[in-house]
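The block underneath contains the structure these notes are about, expressed in structure tokens.
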Amino acid sequence: MNALSAPTAGLSENYVLDAPDGSRPFNATAIESDLRAMWKRAGETDPSKAGAIYRAALSNLVVPLDPGLESKLMPVLVDVTRRHPSRLFTIEAGVAPRGAGLRARVGALCHRRNGGGGLVCCEQVIVQSDSASIPLIPSAIRSLLIGDLPTVLLDFQPEQDLSWVSELMDMADLILEDSCLNESGNKRGVWKLVEREGSGKVHDLAWARLAPWRHVLAEVFDMKEYLPALKTLRRVEIGFAGTGYPPPPAWLFTGWLATRLAWTFQGVDRGEIRFRSGSGDVTVVMRGTGSRGGRALERIAIRSDKPHPLEMEITHKGRDVTATIVTGTPGARRADVPFGYREFAACIVGELHRHAPNRSLEDAVRVAERLMSEWRGE
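Under numbering that gives the first Met the number 0, the first residue of the sequence shown carries the number 0, and numbering increases by one thereafter.
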């Protein structure tokens, strides 16, 4: 990182350092010149007044912004750059007036260093286009990538099969998707992308959000008292926020259970999913709780039969840092246990730091795809 002196006015935890001239017709050479000039101006101020600026980049982070999600996503991106500094490319495709062509401007996102002592800043390039110039976006982004850093595509476009986004995927080392963006009941291409490209390149943030549930359940059955009940499990109820068609996390959780416990799919009957385990039939039921918790899971209930009976319910709400476990059989108990809830930005950064293929996700996706098709009668 190169130390530069900080500007003296308007500093805050999140501070747009420089974008004095607004957008201009896209020219890669001019954009790089603007970035150099921005840092030069920052270096001309007195470092004793605000501390040093440390320019940092661990990756090229490319983010097409859907107009319907932009206001919610930008604060998340600010937090992502705080946790994982990157050259950030935000793309607003088709928003410019007709005839405006492809345009760009530069800026920087800065954050106070832990313990003080100046700011850590990363560059931002904002790319806008009119409708006719959308096909030019991938080549424009490619011309500004920092060559020795990995390229990450954060693809939160609800609409799939956009050719210009596909080009961005081809140049990316890592693609972060979120299957929770699909409309209820409509199959989205995220899981097909995981199957085609592999989980080393494509990550689904819906799976990352399931990590606390998987960990809590695994810790429960790590206890010798409850472990035998896995073999006699007969019914699983999955409660999710809202109503209607089950969201992707419910399907992924079911797929994870089925693959981990070697269940064989038998069919769907009136909304109940039937499996066969080594000891008998297993039924999985997914129901909405009616709450306003987005598309998150809120409840997992388990029942096992003799000779190892177990009745257990695990619940979690919103951003609580604990989950509640209530056991009816073999003995009445209630306990609050740690629940590793993570903000959206933390989920994203966690996936940025994971590079190995995720076989558990791949297995869960294969089962989830089949279950959804059977549920809809395809």
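We put the beta carbon where it would ideally sit given N, CA and C, even for glycine.
Given a cut-off of 8 Å, decide if Ala355 and Leu251 are closer than it, judged by their beta-carbon atoms.
no
Measure the Cβ-Cβ separation of Glu122 and Ala103 and say whether it is below 8 Å.
no
Cβ of Pro157 within 8 Å of Cβ of Leu175?
no
Could you check which residue in Leu351, Arg302, Gly199, Ser70 has the C-alpha nearest to that of Ser359?
Gly199
Once DSSP output is grouped into helix, strand and coil, what is the label at Ala334?
strand
Could you spell out the range, first to last residue, of the beta strand (DSSP E) harbouring Ala300?
296 to 303
Would you kindly work out how many angstroms separate the C-alpha atoms of Ala331 and Met222, rounded to a whole number?
16 Å
Are the beta-carbon atoms belonging to Val105 and Val77 less than 8 Å from one another?
no
Hey, how far is the Cα of His202 from the Cα of Tyr340?
18 Å
Looking at C-alpha atoms only, which residue of Gly289, Val267, Thr253 is the closest neighbour of Ala452?
Any property of residue 452 remains undetermined from this structure, which presents the chain solely from 0 to 377.
Can you tell which of Arg82, Ala345, Val126 has its C-alpha closest to the C-alpha of Ala99?
Val126
State the start and end residues of the unbroken beta strand (DSSP E) segment that holds Gly388.
This structure cannot settle anything about residue 388, because the visible part of the chain is limited to 0 through 377.
Nearest-angstrom Cα distance between Gly349 and Leu153?
13 Å
For Phe25, which option in Gln265, Leu101, Asp129 has the closest C-alpha, if you only look at C-alpha atoms?
Leu101
Pairwise C-alpha distance: Ser32 and Glu361:
44 Å
Between the C-alpha atoms of Val320 and Pro337, what's the straight-line distance to the nearest angstrom?
6 Å
Do you know offhand how far Met285's Cα is from Ala210's?
19 Å
Work out the CA separation of Gly42 and Ala322 for me, nearest whole Å.
49 Å
So, using beta-carbon positions, are Pro248 and Ala295 closer together than 8 Å?
yes
For the alpha helix (DSSP H) containing Cys109, list its first residue and its last residue.
That residue, Cys109, is in no alpha helix (DSSP H); its beta strand (DSSP E) goes 101 to 111.
What are the boundary residues of the alpha helix (DSSP H) that includes Leu256?
247 to 259
State yes or no: is the C-beta of Ala378 within less than 8 Å of the C-beta of Thr150?
In the structure displayed, the chain extends from 0 to 377; residue 378 sits before or after that span and is not available.
Leaving out five residues before and five after Trp262 in sequence, what residues of the same chain have Cβ atoms less than 8 Å from its Cβ?
Leu256, Phe274, Arg275, Ser276, Val281
Using a Cβ-Cβ cut-off of 6 Å (strictly less than) and excluding sequence neighbours within five positions of Arg86, which residues of its own chain qualify?
Ala56, Asn59, Glu122, Ile145
Tell me the rounded alpha-carbon separation between Val325 and Arg259.
23 Å
Give the DSSP-derived three-state secondary structure of Asp268 in the structure shown.
strand
Give me the Cα-Cα distance between Thr231 and Pro137, rounded to the nearest whole angstrom.
53 Å
Between which two residues does the beta strand (DSSP E) harbouring Arg234 extend?
232 to 239
If you check the beta carbons only, do Ala92 and Pro63 fall under 8 Å apart?
yes
Quick one: which unbroken beta strand (DSSP E) runs of 3-plus residues sit fully inside the region 138 to 220? Chain order, please.
150 to 153, 173 to 176, 201 to 203
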